[in-house]
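Numbering (the working numbering), first residue to last: 75 to 352.
Glycine residues also receive a C-beta, built at the ideal position from the N, C-alpha and C atoms.
Some notes on the structure that comes next.
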Ligand SMILES: [Zn+2]
């Protein structure tokens with residue numbers, strides 16, 4: 075890298091599409107960027123991050139996120155995931171011939187209500203760091219079993235420090251992310267970017283999400299109040315060319331309002347009232 079950044083760190087929050095990013099995008103950049111050394115997939119906010127580090131991260135809608143975390147946990151326990159990658163660890167992909175897994179939302183709600191450490195888990199993954207003999211999830215479970223308060227000041231400090239922060243939906247249009255990365259890091263991509271072929275998709279998570287009512291979603295958003303707040307805070311996300319900040323769709327017909335000029339939304343999101351500042 076020829077600019078001010080000497081190294082790159084992908085703060086990989088679980089179940090936010092990071093596997094796709096690593097496989098299809100980061101791999102192509104690998105020989106052009108110096109990465110911070112990592113031992114585990116999810117290491118949180120590494121101590122090595124300094125002024126020379128370019129930090130990239132992805133956040134996901136809190137409701138989709140917890141459905142995905144829960145479905146992943148259950149699928150792992152049931153032995154439904156493809157068993158291994160190069161590290162011998164579980165991959166995120168469900169065995170291909172199983173598409174009709176239905177999880178009962180009742181048990182997910184019991185699990186979330188009982189395991190309060192799961193609340194605002196995306197924020198917690200930004201606030202903590204894995205240690206040599208203790209992975210980040212264990213650290214989070216221990217820390218938040220008694221006191222579930224999140225250090226919001228530190229959280230916002232770090233969110234604002236992240237050089238490129240996108241919503242998971244923006245991965246639908248990865249070219250815009252890659253363009254921003256390459257511009258910021260002053261590098262070029264080796265080849266074409268493939269679209270997500272859903273290789274890493276767990277249908278159990280989608281089915282579970284689709285079984286939720288509006289009331290269910292509101293309840294989850296209340297339990298995940300801080301994750302919900304940051305997910306809907308447009309000012310912390312990077313604006314990507316021609317990508318709706320809210321739904322991640324290409325938005326050639328982006329409408330602009332004088333107070334919205336900093337943001338790009340597609341007309342659908344503006345009309346449905348989903349994309350509101352504040
Ligand atoms: Zn939109």
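Using a Cβ-based criterion (distance less than 8 Å to any ligand heavy atom), does residue 122 qualify as near ligand 1?
no
Beta strand (DSSP E) runs contained entirely in the region 176-249, provided each spans 3 or more residues:
238-241
What residues in its chain sit with their C-beta under 6 Å from that of residue 323, if we drop five residues either side in the sequence?
340
Where residue 252 sits in the DSSP three-state scheme:
helix
Taking the beta strand (DSSP E) that residue 342 falls in, what are its first and last residues?
Residue 342 -> not in any beta strand (DSSP E); alpha helix (DSSP H) instead, spanning 341-345.
For ligand 1, which residues have a Cβ under 5 Å from at least one heavy atom, in chain order?
318, 320, 321, 340, 343
To which residues does DSSP link residue 84 through a beta bridge?
130
Take residue 178 as the anchor and find which of 100, 145, 243, 96 has the nearest alpha-carbon.
Comparing Cα-Cα distances from residue 178 to each of 100, 145, 243, 96, the minimum goes to 145.
In three-state terms, what does DSSP make of residue 113?
coil
Could you tell me if residue 228 is buried or exposed, where buried requires 16 or more neighbouring beta carbons within 10 angstroms of its beta carbon?
By the beta-carbon neighbour count (other beta carbons within 10 angstroms, threshold 16), residue 228 is exposed.
What does the alpha-carbon distance come out to for the pair residue 193 and residue 210?
15 Å
To the nearest angstrom, how far is it from the Cα of residue 119 to the Cα of residue 346?
36 Å
May I ask you to verify whether the region 128-141 touches the region 300-309, counting CB pairs closer than 8 Å and requiring at least 3?
yes
For residue 248, which of 261, 175, 266 has the nearest alpha-carbon?
266
Compute the Euclidean distance between the alpha carbons of residue 285 and residue 188, then round it to the nearest angstrom.
21 Å
Going by DSSP, name the residue or residues bridged to residue 118.
The bridge partners DSSP lists for residue 118 are 203.
Bounding residues of the alpha helix (DSSP H) (the contiguous stretch that carries residue 146)
136-151
Do residue 325 and residue 309 count as a contact pair if the criterion is CB distance below 9 Å?
Between residue 309 and residue 325, the C-beta gap is not smaller than 9 Å, which leaves the two residues out of contact.
Spatial neighbours of residue 115 in its chain, beta-carbon cut-off 7 Å, leaving aside the 5 residues before and after:
Residues of the same chain with a CB within less than 7 Å of the CB of residue 115, apart from the 5 flanking positions on each side, are 86 in chain order.
With a CB to CB cut of under 6 Å and the five nearest residues on each side skipped, what residues in its chain are close to residue 198?
214
Which value, in whole angstroms, describes the spacing of the CA atoms of residue 125 and residue 237?
11 Å
Rounding to the nearest angstrom, what Cα-Cα distance links residue 283 and residue 78 in this structure?
42 Å
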